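Let me begin by presenting the structure, written as structure tokens, before commenting on it.
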Amino acid sequence: MPPDSFRDRILTLVRQIPYGRVATYGQLAALAGAPRRARQVGHILRHAEDPMLPWHRVINHRGRISLPHGAGYEVQKQLLLQEHIEFDADDCIDLDRFGWRPAFD
DNA sequence: GTACTGACGACAC
DNA sequence: CGTGTCGCCAGTA
-13 MPPDSFRDRI LTLVRQIPYG RVATYGQLAA LAGAPRRARQ VGHILRHAED PMLPWHRVIN
47 HRGRISLPHG AGYEVQKQLL LQEHIEFDAD DCIDLDRFGW RPAFD
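Here the first sequence is numbered in the working numbering, starting from -13 and rising by one per residue.
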């Protein structure tokens, strides 16, 4: 059967997010040509099995981690802290500073 | 097949 | 800031 091009594009995009930067679900969906499918991006990442995939660099549009506490939240935060990405007092990441801007890489 | 859920987001209050 | 509604669609039951 043919590969799922949308899923394939998302995974490719996630792999392109540079170290120390984060992208949002909606941003990835838009870059993949499907701006309304942010939710599917989450599904794709949840079912992704590639351990090398930098899934932790994907957060929601508010600059916060979408995973529930105790179900990956802490893990993702630690992975991001290891990349020197900062969180404010509300566990929020400043997208103006750490958001991925493809044009600049 | 139907119904509900969810790692989302835009928009309206 | 919050809360609710709607659109989206792959999984799951």
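The C-beta atom is built at its ideal place from N, Cα and C for all residues, glycine as well.
Everything numeric in this text was worked out from a predicted model, so none of it was measured.
Using beta-carbon positions only, say whether residue i and residue j come within less than 9 angstroms of one another.
i	j	result
R43	D77	no
L66	A34	no
E72	F84	yes
D74	D82	no
With distance defined between alpha-carbon atoms, name the residue in the options nearest to residue i.
i	options	result
F(-8)	T10, Y5, R7, V27	V27
H47	G12, P54, F84	G12
R87	L(-3), D(-6), I3	I3
D(-6)	A18, T10, A9, S52	A18
R25	P40, Q62, S52	S52
I45	R32, P37, D36	R32
Apart from the five residues just before and just after residue i, which ones in its own chain have a Cβ nearer than 7 angstroms to its Cβ?
i	result
E69	Y5, G6
W41	V0, L31, A34
Is it buried or exposed for residue i, if we count other Cβ within 10 angstroms and need 16 for buried?
i	result
V0	buried
A9	buried
A15	buried
R23	buried
Taking 8 angstroms as the limit between beta carbons, can you name the residues of its chain near residue i, skipping five residues before and five after?
i	result
K63	I51, F73, D77
Near residue i, what residues of its chain come up, given a Cβ to Cβ distance below 6 angstroms and the 5 sequence neighbours on each side ignored?
i	result
Y59	I51, L53
Problem set entry | Start-end ranges of the alpha helix (DSSP H) lying completely within the stretch 35 to 71, minimum 4 residues | 59 to 68
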